[in-house]
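Here's the structure, in structure tokens; my notes come after.
Protein chains in written order, with the working numbering: chain C, 120 to 266; chain Y, -7 to 730.
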């Protein structure tokens, strides 16, 4: 049994400890807000927080997430950031946006007023095929300013 | 708003009571009689409690159609946008064309959709006129009510009475004057933003059914390959793996058939993936096992150095070339390009008691329905085809191959099945955009005037996926070759034969990608050969502001994206306008030391001009510093989504230019994930980008695709301005400059 704490809720999972957290969240717990995009930590669509740190859940085995605090997009409570996303109409298809938001939230938690370079560097691992980068940058700045 | 709820493991769309009826049996006439309120057609329902349900029949893939079509319907109806509910249509021919492709949702449906809403409005007004014993002409509908003589009746109060009236003929219905449309033609709210920002929006892979199994498939690595034999013992030993099933082999032409191979069906995705890794398969790689895309590029190059089939002819190009004071010639190459939507293809099928239900991230729910019916050998009326959010599509998801796979496996596994494509599957088994080589040749006279333009293009066309054709048709050249306005007295365009060794499909803006790249680059080359400013040269080559005739183009007919030329002429004045606007934004005439590149292109009935500014970064590599785009798409219903599509097109086009390219060795695609198929990331994205949309009263053009074609040539032209290096082969990374 693997004990998992997701968005403040405790779960016990009878699962392969090598199973990536991504598939446990999606298939076993039904938390489908976290997305599969590449399976190799190349696109960031699966980003969640592990004890507040942004990690790629597609390469995080369950064994590493056990007994730690997992936060997914369903549990993200950064209203300023999510409001900024909506106010600036950031999403296009929307598929990468949960990962973008989780990475951005982790950045803002660490650096409340990030520079352009810090934003670009932190967000470089999150792909958006629709090309919403300029609005993501603007939304992060807006959320940072709102604090 | 669309509300998807899970009831007993079933995904149901809750929107309007009409859905309670059996969709397998009930025709719309029956729906009209038995449902409360007013439902004059399949797009509009007004309930007696005032709730207005509007149907969005197109797929949402990031273009914002769910924020646009219902808003257009609501405005024409006179509904309060806060009191409407959006119902996502299933795939059904009763909605007309649902293929969300060709940048066609507004440009193709604008008037019909408005007429559907106007029909309901006229019936509500007629009902009020009867109650008040006044003429319909004295009444208006707005703010969710009918008004006249200081009185009003809410839509809900009128709905039942209106529903009993005869439905007027569509041709007799009058559309509102534009001045009465209070909401559209400006920025509209993004209705799904909150669901996306909170992780509740449901994409393809998010659909969960009771007892659902997950399948991943080991597909033949080479198109046309087959399984000789396989050993599944290790796969079946993986906990959670339920079945290993051989997939039926497709027969040419491949169309949207399943790809063949071996499927691993499991209780969760991880088990399915681990099972697939443990399959041992011996393949017969088939007729394309020798396909080498580098060698093929050389064959295309040889082809364009020979005369081809003439597709456009004005004057005498050979004579003009023979007497030229100077000739300019350049060969361009654009490789196969992959779609790589962020969500790989996915479909879920349940097949039970002869009935089939499909959930898929599809651009074309009707095609998904047809594909499922054909795969299962049942009548289409037994198939319900639901659409989820698409997670990006760009043309990939109008091909229903993944639905065929899920339908087959649902039957064989005797359980609902989700077929999950991995990123590797997506890159290796794409319907790639055609690979292309072109040769452009121009004649200049002694004064520097361009007297001849010859363009030869060679590519395996999309038709190869559907038949055994050997090269592009003249019609294929209507994306950027035969429809290209040129004020040059002698013009000839030719196509060359080219066979296909992969499945070729359409990718956002399709053949315009490479035709726009070559023409946009070559015009810039001519500017430098002539010693002219690229902007003045471009305006001169497109020629004076005019409507271009077929005779001038040198063609008998032009498909013109399915639109009549009288309604959507090729108007060089609009090209001039976007060029002038974009160069004004970019301060082209005052560029100082900046290296700017310009290109302009008409596609999908929309005119787009792009300027980019490039510089070298600290590593000496090219970076796009700023980008500007001006677009004239005629009437624009949702300005905000039009801007966002153009912003996205700049990045999409940049990815093609910088990194795009799927290459094949021994028939196998060499790229498999984002490390080998690179896309523009945030640090690559321009520091600033600015988009201007020209709003007008002209009929609407496309929005999703036309921003892409001018981007790559604008970048190549800017690189030339900065470095003097002319790059004619994409992607730019092959030249080491990015």
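Glycine is no exception: its CB is placed at the ideal position from the N, C-alpha and C atoms.
Three-state secondary structure assigned by DSSP to residue i
i, result
"residue 220(Y)", "strand"
"residue 520(Y)", "helix"
"residue -4(Y)", "Only weak support is given to the placement of residue -4(Y): the predicted model assigns it a pLDDT of 33, under 50, and the question is left unresolved by the model."
"residue 249(Y)", "coil"
"residue 237(C)", "helix"
"residue 540(Y)", "coil"
"residue 205(C)", "helix"
"residue 117(Y)", "helix"
"residue 232(C)", "coil"
"residue 657(Y)", "strand"
"residue 161(Y)", "coil"
"residue 556(Y)", "coil"
"residue 207(Y)", "strand"
"residue 711(Y)", "helix"
"residue 134(Y)", "strand"
Spatial distance of residue i from residue j (CA atoms)
i, j, result
"residue 526(Y)", "residue 614(Y)", "20 Å"
"residue 632(Y)", "residue 267(Y)", "46 Å"
"residue 387(Y)", "residue 247(C)", "17 Å"
"residue 206(C)", "residue 260(C)", "13 Å"
"residue 301(Y)", "residue 504(Y)", "19 Å"
"residue 30(Y)", "residue 112(Y)", "7 Å"
"residue 711(Y)", "residue 587(Y)", "7 Å"
"residue 569(Y)", "residue 169(Y)", "26 Å"
"residue 653(Y)", "residue 721(Y)", "11 Å"
"residue 398(Y)", "residue 351(Y)", "10 Å"
"residue 213(C)", "residue 309(Y)", "50 Å"
"residue 195(Y)", "residue 404(Y)", "25 Å"
"residue 441(Y)", "residue 567(Y)", "21 Å"
"residue 688(Y)", "residue 536(Y)", "21 Å"
"residue 132(C)", "residue 148(C)", "9 Å"
"residue 252(C)", "residue 63(Y)", "27 Å"
Buried versus exposed call for residue i [16 or more other C-beta atoms within 10 Å across all chains shown]
i, result
"residue 611(Y)", "exposed"
"residue 221(C)", "buried"
"residue 49(Y)", "buried"
"residue 21(Y)", "Any reading at residue 21(Y) needs caution, since the residue's pLDDT is 49, under 50, leaving its predicted position unreliable; the model's value is listed next. Exposed, by the Cβ-count rule."
"residue 463(Y)", "buried"
"residue 231(Y)", "exposed"
"residue 273(C)", "Outside the shown range of chain C, which is 120 to 266, sits residue 273(C), and nothing can be said about it."
"residue 458(Y)", "exposed"
"residue 297(Y)", "exposed"
"residue 85(Y)", "exposed"
"residue 425(Y)", "buried"
"residue 125(Y)", "exposed"
"residue 193(C)", "buried"
Rounded distance between the beta-carbons of residue j and residue i, thought under 8 Å
i, j, result
"residue 449(Y)", "residue 492(Y)", "Residue 449(Y) to residue 492(Y), Cβ: 15 Å. No contact."
"residue 46(Y)", "residue 76(Y)", "5 Å"
"residue 219(Y)", "residue 227(Y)", "About 14 Å separates the two Cβ atoms, so there is no contact after all."
"residue 600(Y)", "residue 692(Y)", "Not confirmed; about 14 Å, so no contact."
"residue 732(Y)", "residue 205(Y)", "No statement about residue 732(Y) is possible, as the shown extent of chain Y runs from -7 to 730 and does not include it."
"residue 593(Y)", "residue 701(Y)", "4 Å"
"residue 642(Y)", "residue 621(Y)", "6 Å"
Residues sharing a beta bridge with residue i, DSSP
i, result
"residue 273(Y)", "222(Y)"
"residue 430(Y)", "324(Y) and 449(Y)"
"residue 348(Y)", "343(Y) and 375(Y)"
"residue 381(Y)", "195(Y)"
"residue 193(C)", "The partner list for residue 193(C) (beta bridge, DSSP) is empty, contrary to what the question assumes."
"residue 488(Y)", "450(Y)"
"residue 412(Y)", "338(Y)"
"residue 128(C)", "125(C)"
"residue 589(Y)", "604(Y)"
"residue 301(Y)", "487(Y)"
"residue 237(Y)", "255(Y)"
"residue 71(Y)", "For residue 71(Y), which the question treats as bridged, DSSP gives no partner whatsoever."
"residue 595(Y)", "598(Y)"
"residue 721(Y)", "325(Y)"
"residue 144(Y)", "139(Y)"
"residue 682(Y)", "620(Y)"
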